[in-house]
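Undergrad: Counting in numbering that gives the first Met the number 0, the sequence shown runs from 0 upward without gaps.
Positions of the beta carbon are idealized from the N, C-alpha and C atoms, including for glycine.
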Amino acid sequence: MSTEESVSAPAPGALLLCRAEPDSVAVVAPLLGEPMPLVRAGDGWSVLVPEGGPWRDGREPVDRVVTGWAAALAVGAPWPVLALWWDADRAGYTLASGFRRPVGYVWLANGTPAGEDEAMRTFAARLGLDPVLDAQSLDRLTRTDPDAGREPGAARAGARARLRGLLAVLTRAGVTLPAGLDPGEGADRLGAAARAVPGVRWTEAAGRRPAADGCRPAAWMPWTGGPGARALAVAQMVTGLPLTVWGLRRRSGGWTAAGALLVGHGALGAAHGLSRRP
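Next comes the structure, spelled out in structure tokens:
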């Protein structure tokens with residue numbers, strides 16, 4: 000790669016869209032391990048804007064980090080998390096929801112689709128998008144653009160255009176990103192744009208919780224007060240422990256956070272279930 004290409008290549012970046020109000024997202028966001036801006040992103044949506052991340056020093060690719068983060072946020076919560084990510088070579092998304100396997104799609108830098116059509120259909124179904132209108136729009140994003148890469152710079156614009164097309168579909172589901180939070184921008188510019196949004200808040204650092212909520216389970220925890228609380232809590236801990244170990248061995252911050260969140264949910268669920276026993 001020439002010096003000119005390396006300078007103009009877009010910096011990796013990501014956005015974490017959560018189908019929940021900022022107050023709900025703020026409760027689980029500390030498990031990601033780094034504070035980040037949190038702003039409203041439309042009707043019933045919020046967006047977390049990572050400003051750092053292991054990808055900035057080359058420890059881990061951005062897609063792997065945010066896939067783990069999305070899984071960590073979505074586990075045990077009644078709302079899905081959509082991670083949008085990009086680097087110099089590719090762009091894509093990962094949708095995580097509960098314990099289901101995350102689904103994602105990838106485009107090469109010139110906009111060439113490199114994912115499976117079934118993944119896009121699963122994406123639409125899990126978000127409850129229109130099976131006709133929205134499905135047709137998403138289908139167009141999986142088709143090869145014959146003009147991609149013909150003009151100088153088109154290779155880098157192509158993948159960003161695909162992400163913008165995805166967001167255009169999601170506007171019908173209520174998503175409205177604040178000005179400046181554009182796919183393809185680097186983490187520094189995204190962070191600056193997020194800090195300028197009225198009502199922005201910063202998530203807590205790892206290990207901290209708001210005092211008002213520190214002694215009671217959050218409303219988004221599905222096992223709270225339910226008859227299957229203990230069984231789900233045990234399942235979360237059994238799943239989370241090996242996932243945490245695997246993440247630590249691979250030095251994967253995203254998957255370590257996902258495992259830690261499972262263990263934390265499970266432990267809190269078990270404690271809550273025991274406290275409610277007669």
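1. Between which residues of its own chain and V61 is the CB-CB distance below 6 Å, once the five residues before and five after are set aside?
2. By a C-beta neighbour count over all protein chains shown, 10 Å radius and 16 as the cutoff for buried, is G198 buried or exposed?
3. Please state if the CB of A90 and the CB of P182 are separated by a distance shorter than 8 Å.
4. So, at 8 Å on beta carbons, what are the nonlocal neighbours of D88 in its own chain, with the 5 sequence-adjacent residues on each side left out?
5. Consider the Cβ of R89: report whether some Cβ of chain D lies at a distance smaller than 8 Å.
6. Can you round the beta-carbon distance between W78 and L15 to whole angstroms, since I take them to be within the 8 Å contact cut?
7. Any idea what DSSP makes of S45, helix, strand or coil?
8. Does the Cβ of D187 have 16 or more other Cβ atoms within 10 Å, making it buried, or fewer, making it exposed?
9. Return yes when the Cβ of M35 is within less than 8 Å of the Cβ of V24, no when it is not.
10. In chain order, what residues of the same chain have a beta carbon less than 6 Å from the beta carbon of L72, not counting five sequence neighbours either side?
11. Taking the beta strand (DSSP E) that T93 belongs to, which residues open and close that run?
12. I need the DSSP call for R125, collapsed to helix, strand or coil.
13. Buried or exposed for R18, please, with buried defined as at least 16 other CB atoms from any protein chain shown within 10 angstroms of its CB.
TA: If we stick to the structure as given:
1. Within the sequence shown, numbered from 1, the residue matching residue 61 stands at position 62. Around V61: P11, A13, W54, W84 and D86.
2. Counting from 1 along the sequence shown, the entry for residue 198 is found at position 199. Exposed: under 16 other Cβ atoms inside 10 Å.
3. Residue mapping note: residue 182 aligns to position 183 of the sequence shown, counting from 1. Residue mapping note: residue 90 aligns to position 91 of the sequence shown, counting from 1. Closer than 8 Å, so yes.
4. The sequence position of residue 88 within the sequence shown is 89, counting from 1. These residues qualify, in order along the chain: L107 and A108.
5. Note that chain D does not occur in the displayed structure, where there is just one protein chain.
6. Here residue 78 corresponds to residue number 79 of the sequence shown, with the count starting at 1. Here residue 15 corresponds to residue number 16 of the sequence shown, with the count starting at 1. About 12 Å separates the two Cβ atoms, so there is no contact after all.
7. Position 46 of the sequence shown holds residue 45. If DSSP states are grouped into helix, strand and coil, S45 belongs with the strands.
8. Residue 187 sits at position 188 when you count from the first residue of the sequence shown. By the 10 Å Cβ count, D187 comes out exposed.
9. Translated into the one-based positions of the sequence shown, residue 24 becomes position 25. Translated into the one-based positions of the sequence shown, residue 35 becomes position 36. No. Outside cutoff.
10. As a working mapping, residue 72 is identified with position 73 in the sequence shown. Taken in chain order, the residues that qualify are V27 and V80.
11. To locate residue 93, count along the sequence shown from 1; it is residue 94. Residues R89 to A95.
12. Sequence index remark: in the sequence shown, residue 125 carries index 126 (1-based). Helix at R125.
13. Counting from one through the sequence shown, the residue named residue 18 turns up at place 19. By the 10 Å Cβ count, R18 comes out buried.
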